[in-house]
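Okay, structure first, notes after.
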């Protein structure tokens with residue numbers, strides 16, 4: 630079976646990538662192209678922590694939008710690499 634590798638913007642190295650985008654929108658494609666499975670699993674643990682600590686009700690659309698924003702921030706802000714050129718995170 631073919632394993633797809635990506636240069637993960639969160640981790641900063643080549644790792645196994647997704648077989649298909651996790652969402653059918655622009656963010657899903659961006660994650661597919663730039664995020665490893667390891668970083669995604671780290672996000673899932675972070676998301677679980679947010680849901681439990683803030684006792685979030687996932688049936689509330691505003692909560693889902695909140696998590697969607699947190700996902701984007703977690704994976705793409707303060708990254709080691711993004712796009713074509715290396716960039717160093719600004720804490």
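Residue numbers (our numbering): 630 to 720. Glycine included, each C-beta is placed from N, C-alpha and C at the ideal position.
Between the C-alpha atoms of residue 649 and residue 669, what's the straight-line distance to the nearest angstrom? Working through the chain shown from its first residue, we reach residue 649 at position 20. Working through the chain shown from its first residue, we reach residue 669 at position 40. So the alpha carbons of these two residues sit roughly 13 Å apart.
Could you pull out every residue in the same chain whose Cβ sits closer than 8 Å to the Cβ of residue 633, ignoring the five residues on either side in sequence? Looking up residue 633 in the chain shown gives position 4. 645, 646, 647 and 648.
Distance between beta carbons of residue 635 and residue 654, contact taken as under 8 Å: Sequence index remark: in the chain shown, residue 654 carries index 25 (1-based). Sequence index remark: in the chain shown, residue 635 carries index 6 (1-based). Not really, about 18 Å apart at Cβ, beyond 8 Å.
Residue closest to residue 679, alpha-carbon to alpha-carbon, out of 667, 688, 696 and 638: The residue you call residue 679 lines up with position 50 of the chain shown. Selected option, being the one with the closest Cα: 696.
Name, in chain order, the residues that DSSP records as bridge partners for residue 644. As a first step, residue 644 must be located in the chain shown, where it is residue number 15. Answer is 635.
Taking all protein chains shown into account, do 16 or more other C-beta atoms lie within 10 angstroms of the C-beta of residue 639, making it buried, or fewer, making it exposed? In the chain shown, the residue the question calls residue 639 occupies position 10. By the 10 Å Cβ count, residue 639 comes out buried.
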